[in-house]
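Input: a single structure, listed below in structure tokens.
2 protein chains.
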Amino acid sequence: MSSTPLSSAIILARPQLGENIGACARVMCNFNLSDLRIIAPRDGWPNEKALDMAKSAKHIIEKATIYETLEEALSDIEFLYATTVRPRYMVKPVYTPRKAIDEIYKHAHHKSAILFGPERSGLSNDEIALANAIITVPVGSEYDSLNLAQAVAIMAYEHFMIAQNAPHDHMPLGNTHFASRKDIAHLLNHLEEELDNSGFFFVPQKREHMRRNIRNLFARTHLTDQDVRTLRGIIRSLAHRATNH
Amino acid sequence: MSSTPLSSAIILARPQLGENIGACARVMCNFNLSDLRIIAPRDGWPNEKALDMAKSAKHIIEKATIYETLEEALSDIEFLYATTVRPRYMVKPVYTPRKAIDEIYKHAHHKSAILFGPERSGLSNDEIALANAIITVPVGSEYDSLNLAQAVAIMAYEHFMIAQNAPHDHMPLGNTHFASRKDIAHLLNHLEEELDNSGFFFVPQKREHMRRNIRNLFARTHLTDQDVRTLRGIIRSLAHRATNH
Chain A
1 MSSTPLSSAI ILARPQLGEN IGACARVMCN FNLSDLRIIA PRDGWPNEKA LDMAKSAKHI
61 IEKATIYETL EEALSDIEFL YATTVRPRYM VKPVYTPRKA IDEIYKHAHH KSAILFGPER
121 SGLSNDEIAL ANAIITVPVG SEYDSLNLAQ AVAIMAYEHF MIAQNAPHDH MPLGNTHFAS
181 RKDIAHLLNH LEEELDNSGF FFVPQKREHM RRNIRNLFAR THLTDQDVRT LRGIIRSLAH
241 RATNH
Chain B
1 MSSTPLSSAI ILARPQLGEN IGACARVMCN FNLSDLRIIA PRDGWPNEKA LDMAKSAKHI
61 IEKATIYETL EEALSDIEFL YATTVRPRYM VKPVYTPRKA IDEIYKHAHH KSAILFGPER
121 SGLSNDEIAL ANAIITVPVG SEYDSLNLAQ AVAIMAYEHF MIAQNAPHDH MPLGNTHFAS
181 RKDIAHLLNH LEEELDNSGF FFVPQKREHM RRNIRNLFAR THLTDQDVRT LRGIIRSLAH
241 RATNH
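In the order they appear, the protein sequences are chains A and B.
Residue 1 is where the first sequence starts when you use the working numbering, and the numbers rise one by one after that.
Residue 1 is where the second sequence starts when you use the working numbering, and the numbers rise one by one after that.
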């Protein structure tokens with residue numbers, strides 16, 4: 001019951017109100033989470049209202065890490081879960097909070113993060129495309145979105161409920177590891193560069209949509225280090241033949 | 001399991017802040033609860049701050065019933081569950097939120113209520129003595145009490161989860177389908193052919209092992225028709241550049 005190192009990061013993308021950031025920190029503290037990452041907070045940083053609202057969780061606000069972009073915040077993250085209320089029509093598993101925490105628990109030896117969008121608009125499709133899976137808290141009506149800190153509360157509560165049990169990782173990885181988000185970002189950049197060179201995106205209006213489809217495909221797969229090396233080798237091999245001619 | 005009219009009342013005993021009452025109403029609405037009862041609100045009633053904070057759940061605030069004492073609020077209630085953070089050393093079952101909702105569900109044809117105390121002090125022992133059972137949301141430390149609306153959120157969420165009995169995951173496919181094994185075989189053959197052409201398998205002894213790694217990678221992913229088209233386009237594009245030179 002005591003020694004589980006299950007501890008996911010909470011990432012707030014572009015949060016608007018300091019009060020909400022503080023309330024998130026407080027409820028994280030209630031449920032033994034401490035790794036708070038904030039991307040481009042609207043009102044800058046530090047934020048007095050966040051500190052006030054955090055009450056006894058001021059240390060979480062003070063240690064929160066601030067990033068310009070989601071990619072930077074993900075450098076050490078192996079599994080990313082994106083929360084959203086609206087259906088996004090991406091081919092990606094959609095979990096309830098409980099099922100998502102089950103998944104996090106199955107991969108307890110890997111670093112997971114749960115991503116929350118800004119209060120008004122939620123996450124962008126580009127942000128969601130980076131996630132392994134989507135979490136949707138089931139609610140009575142999609143028009144009545146959950147308050148940000150309430151959504152964090154429910155995820156943190158489910159996290160705590162399961163963290164009290166011991167983990168059992170069931171994915172045999174042998175000598176390899178799940179690829180870091182950084183390695184996956186490099187892979188995707190490499191691929192897109194070569195695709196640009198080869199004229200893959202020949203209809204400019206479709207470029208973004210096609211890019212997102214590709215990113216979505218690889219985010220859904222749990223790529224290992226070995227997979228990333230293999231895929232980069234494939235890209236290099238196909239592109240290398242081109243440059244030799 | 002689907003058509004249960006499970007709907008419990010939420011009772012707030014002597015709440016202090018209108019904002020918290022409003023936030024409770026909002027999260028009740030999120031999770032399809034509507035019967036809000038309030039005992040002796042500190043700042044009187046109606047309360048503008050409660051209305052403001054309720055957002056799209058103003059109807060729950062407007063229909064809330066106000067009482068002088070807990071006994072009056074309970075006239076039609078058959079099962080009462082009292083929430084508390086501190087242990088009270090009463091001989092009474094202490095449930096987690098999930099277990100409590102299981103109990104409520106077992107008695108779905110009886111009217112249940114969940115009782116929450118004031119922000120600062122929690123319920124009095126006399127109030128708790130009226131309950132059938134105690135609910136304690138497990139938290140990391142009992143000194144960091146949950147915010148009132150957060151506690152209501154967690155109970156309402158558990159209530160909704162069981163009232164809905166909803167599946168825990170799904171994969172939205174939109175207009176696409178999972179690719180057939182035949183299409184995946186064609187994709188892999190296409191890829192391997194191009195890799196042979198480009199000299200990817202330059203160490204013959206490693207060829208089979210590398211081929212298996214690649215096949216394994218794509219077998220693990222649930223590729224859709226669209227994914228297969230995208231991947232074939234990628235291969236064609238990279239290889240096409242080669243043949244053009």
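The beta carbon of each residue, even a glycine, is placed where N, CA and C say it ideally should be.
Since this is a predicted model, take the numbers as computed values, not measurements.
Euclidean distance between Cα positions of residue i and residue j
i	j	result
A/R14	A/N47	13 Å
A/H170	B/I134	Low local confidence applies: a pLDDT of 41 at A/H170 is under 50, so the model's placement there is unreliable, with the coordinate-based value given in what follows. When rounded, the distance between both Cα atoms is 36 Å.
B/R229	B/E192	16 Å
A/L195	A/K206	13 Å
B/Y105	B/L70	23 Å
B/T176	B/R211	28 Å
A/G248	B/I61	Only positions 1 to 245 of chain A appear in the structure, and residue 248 of chain A is not among them; the question remains open.
B/K182	B/T224	12 Å
B/G174	B/Q226	11 Å
A/S121	B/D52	20 Å
B/P93	B/N132	8 Å
B/E208	B/S180	24 Å
B/K63	B/K49	16 Å
A/G233	A/S145	44 Å
B/K58	B/I66	15 Å
A/L6	B/V139	15 Å
A/I184	A/D76	11 Å
A/Q16	A/E119	7 Å
A/S112	A/F160	14 Å
A/G22	B/H109	40 Å
A/P167	A/H107	In this prediction, A/P167 has a pLDDT of 39, which is less than 50 and means its spatial position is unreliable; what the coordinates show is noted afterwards. Spanning the two alpha carbons is a distance of roughly 8 Å.
A/E103	B/E72	45 Å
A/V203	B/N147	52 Å
Close-in-space but distant-in-sequence residues of the same chain around residue i (CB under 7 Å, 5 per side omitted)
i	result
A/D43	G18
B/Y157	F31
A/V27	A149, V152, A153 and A156
A/I235	H190, L191 and E194
B/N125	R88
B/L80	L74, A113, L115, L130, A131 and N132
B/L231	L187
A/H245	Reliability of the predicted coordinates at A/H245 is poor, the pLDDT of 41 falling under 50, and the value obtained from them is presented with this limitation in mind. Closer than 7 Å at the Cβ level, and outside the excluded window around A/H245, lies no residue.
B/H240	none
Per DSSP, the bridge partner or partners of residue i
i	result
A/F178	A/T224
B/A9	B/A113
B/H170	A/V94
Where the alpha helix (DSSP H) containing residue i begins and where it ends
i	result
B/R37	Looking at the DSSP string, B/R37 is not in any alpha helix (DSSP H); the run it does join, the beta strand (DSSP E), is L36 to I39.
B/L148	L148 to Q164
A/A82	From DSSP, A/A82 is part of no alpha helix (DSSP H) but of the beta strand (DSSP E) over F79 to T83.
B/A50	E48 to A54
B/A129	N125 to A129
Own chain residues within Cβ distance below 6 Å of residue i, not counting five before or after
i	result
B/I162	I101 and Y105
B/L12	I38 and F116
A/M90	N216
A/R98	E158
B/N197	none
B/A54	G22, A25, R26 and I61
A/A82	L115, L123, I128, A131 and I134
A/D35	A9
B/L238	none
A/I214	none
B/N20	L148 and A149
Endpoints, beta strand (DSSP E) assigned at residue i
i	result
B/L17	Element bounds for B/L17: n/a, residue is neither H nor E.
B/L70	No beta strand (DSSP E) contains B/L70, which is instead part of the alpha helix (DSSP H) from L70 to A73.
A/T65	T65 to Y67
A/A133	A133 to I135
Sequence-distant residues of the same chain with beta carbon closer than 8 Å to residue i, five excluded per side
i	result
A/T84	G117, G122, L123, I128, I134, I135 and T136
B/E68	I39 and A40
B/S56	R26 and C29
B/T221	D227
B/E78	H107, H110, K111 and S112
The ligand NAP heavy atom lying under 7 Å from the CB of residue i
i	result
B/A149	In the structure shown, the ligand NAP is absent, as is every other ligand, since no ligand is present at all.
- prompt: When Cβ atoms are compared, which residues of the stretch 48-62 of chain A fall closer than 9 Å to chain B?
  reply: Residues K55, S56 and A57.
- request: Could you run through the stretch 11-29 of chain A and flag, in chain order, every residue whose CB is less than 8 Å away from some CB of chain E?
  value: You won't find chain E in this structure, because its protein chains are A and B.
message: To be precise: take each residue of the stretch 203-232 of chain A, compare its Cβ to all Cβ atoms of chain B, and keep it if any distance is under 8 Å. Which residues remain?
response: From the stretch 203-232 of chain A, only M210, N213, I214, L217, R220, T221, H222, L223, Q226, D227, T230 and L231 have a Cβ closer than 8 Å to chain B.
- request: Below 7 Å between beta carbons is the criterion; list the residues of the stretch 63-83 of chain A that meet it against any residue of chain B, in chain order.
  value: Result list empty, no residue passes.
query: Between the stretch 129-150 of chain B and chain A, which residues of the former have CB atoms less than 9 Å from a CB of the latter, in chain order?
result: Those would be V137, P138, V139, G140, S141, Y143, D144, S145, L146, N147, A149 and Q150, in chain order.
Selection of the stretch 172-200 of chain A by Cβ proximity to chain B, strictly under 8 Å: L191, E194, L195, N197, S198, G199 and F200: these are the residues of the stretch 172-200 of chain A whose beta carbon lies less than 8 Å from some beta carbon of chain B, given in chain order.
- request: Check each residue of the stretch 104-117 of chain A: if its Cβ is closer than 8 Å to any Cβ of chain B, include it; give the result in chain order.
  value: Against chain B - using a Cβ distance shorter than 8 Å - the stretch 104-117 of chain A contributes no residues.
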